[in-house]
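Q:
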Amino acid sequence: MGKRANLSGVSFFAAQVFNDDESTLNSATDANKQITRGTHDENNPNQESHERPADVDTDARPNKKRKVGVLGAGWEKYDATGLVPFYTHKTQVPEHLQKYFGQRERFFSLYSSGCLLDEEGWYSVTPERVANQIAERCRCDVILDAFCGVGGNAIAFARTCERVIALDTSPVRLALARHNAVLYGVGDRIEFVLADFLSFAHQLTQQQELRSQSKSAENPNTAENVLADVKPQRLFDVIFLSPPWGGPSYLTDRDTAEENITESDASTQGAPEYNLASIKPVHGRQLFSIARRLTPNVAYYLPRNTKLDEIADLGKAEMVEVEEEWMGSKLKALTCYFGGLVTGQEDRF
């Protein structure tokens, strides 16, 4: 699982897949802008007297110092402050989100520095410590975060992977994710793409099939084509799936606020088993199958009460590793690893 070099073509690939410049948001590496400031000598009020050149505009004034916002100089264009509310006190938060507000610094340790979440982000973002654990397990060259949301996992992946491709269907959530990534200092390592994963994967698969057919037609008996059929070239080492689970109601036993983290956790007791059919936007089995067409290495983030026999059926004829994600005494979710991500199965990577 070593690092690969020369990965700069991923942005070009994303643009090719959709053939639409608006599908791929501008790279954060182009954000640096030079800020110029006017200067004048405050100790010499007579400096503008009799020696002013004739061609100098007498109305010229020093440039005002620009406000750089929470992201710092050069990143102003990615500052999403004001796009969604930034809560600083529980009384500001809608009642149905107040229990999540108590967990804000577990979601983002830099929350107080200006991290932003939309309503869906409050109940769907992966806690930072959990995201860091998953990112360490998924360490690779290129990873695709198929449902990036407000960026919790993408930020963690940017610390362990050479390049992160982050997809989402909401331009607002992508803007929030990039804002948060810049706050964490990894905005230039993530490529944010406004896209639906299903369409993205379908078009990519079609292009790969067309290229394979074209090569076979030109040189049908070459060893290169035979090997390409056995192991087609892949653009992603790992795909991380964290699809919508159906909202906070996926559990019938309501979670208590995280301030009570020391209380005994009921875990999955009292909650019905979660079926992969409840995954959005398609059946969880179909979603997994689509991802496996692009890479054997998939990490699947699922509710803590997901039926284990359904998970096992996804990886027939191979080992599947299910990792429980705990925060204190509370079981938060399951991360299911497939392919070369499974401990002891690295040869499949």
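Counted from 1, the sequence shown has number 323 at position 323 by the UniProt record's numbering; the numbering is strictly sequential.
No residue lacks a Cβ here, since even glycine has one placed at the ideal position from N, Cα and C.
Candidates L176, Q92, S113, P85: which alpha carbon is nearest G72's?
A: Taking only the C-alpha atoms, the option nearest G72 is S113.
Q: Rounded to whole angstroms, what's the CA-CA distance from N132 to D309? Just pull it up for me.
A: Distance between the alpha carbons of N132 and D309: 27 angstroms.
Q: Would you list the one or two residues that DSSP bridges to E191?
A: Partner(s): I165.
Q: Using beta-carbon positions only, say whether D237 and L176 come within less than 8 angstroms of one another.
A: In this structure, L176 does not lie closer than 8 angstroms to D237 by Cβ.
Q: Which residues in the same chain have their Cβ closer than 7 angstroms to the Cβ of T343, if we skip the five residues on either side of it in sequence?
A: Excluding positions up to five away in sequence, the list reads E321.
Q: Look up D313 in the DSSP assignment and say whether it is helix, strand or coil.
A: Of the three classes helix, strand and coil, the one that applies to D313 here is helix, per DSSP.
Q: So if DSSP puts L241 in a beta bridge, which residue, or which two residues, is it bridged to?
A: According to DSSP, L241 bridges with Y300.
Q: How long is the line joining the alpha carbons of H96 and K77, rounded to whole angstroms?
A: Approximately 32 angstroms between the Cα atoms of the pair.
Q: Can you pull the DSSP bridge partners for I143?
A: I143 pairs with V164, V238.
Q: Hey, is the stretch 120 to 130 in contact with the stretch 150 to 167, meaning 3+ C-beta pairs nearer than 8 angstroms?
A: The stretch 120 to 130 is in contact with the stretch 150 to 167.
Q: Taking A333 as part of the beta strand (DSSP E), name the residues at either end of that continuous run.
A: 330 to 337 is the extent of the beta strand (DSSP E) around A333.
Q: Is there contact here, the stretch 132 to 146 with the stretch 81 to 96, by at least three beta-carbon pairs under 8 angstroms?
A: They do not touch, by the three-pair rule.
Q: For Y274, does the three-state DSSP call read helix, strand or coil?
A: Correct three-state label for Y274: strand.
Q: Please classify V130: does DSSP put it in a helix, a strand, or coil?
A: Helix.
Q: From what residue to what residue does the alpha helix (DSSP H) around V282 run?
A: That residue, V282, is in no alpha helix (DSSP H); it is neither H nor E in DSSP.
Q: Give me, in chain order, the residues of the same chain whose beta-carbon lies closer than 7 angstroms to that of G69; leave out the 5 immediate sequence neighbours on both sides.
A: The residues are E76, D79, T81.
Q: Can you tell me whether W326 is helix, strand or coil according to DSSP?
A: Looking at W326 - three-state DSSP - the assignment turns out to be strand.
Q: With D124 as the anchor, note down where its alpha helix (DSSP H) starts and where it stops.
A: Looking at the sequence shown, residue 124 is not Asp but Ser. Taken as a continuous stretch (DSSP letters only), the alpha helix (DSSP H) holding S124 covers 119 to 124.
Q: Cβ of R139 within 8 angstroms of Cβ of T160?
A: Cβ atoms of R139 and T160: closer than 8 angstroms.
Q: Do you know whose CA, among D141, K99, A156, Q98, lies nearest F108's CA?
A: Taking only the C-alpha atoms, the option nearest F108 is A156.
Q: Let me know the secondary structure DSSP gives E318 once reduced to three states.
A: Reduced to three states, the DSSP call for E318 is coil.
Q: Output yes or no for whether 8 angstroms exceeds the beta carbon distance between P281 and L198.
A: For P281 and L198, yes; Cβs fall inside 8 angstroms.
Q: Which of helix, strand or coil does DSSP assign to T343?
A: It is coil, neither helix nor strand.
Q: Can you say whether V193 is buried or exposed, counting buried as having 16 or more other CB atoms within 10 angstroms of its CB?
A: Result: buried.
Q: Tell me whether H179 is buried or exposed, calling it buried when 16 or more other Cβ atoms sit within 10 Å of its Cβ.
A: Burial call: buried.
Q: Mind checking whether R293 and T205 have CB atoms under 8 angstroms apart?
A: Yes, the pair counts as a contact, with Cβ atoms nearer than the cut-off.
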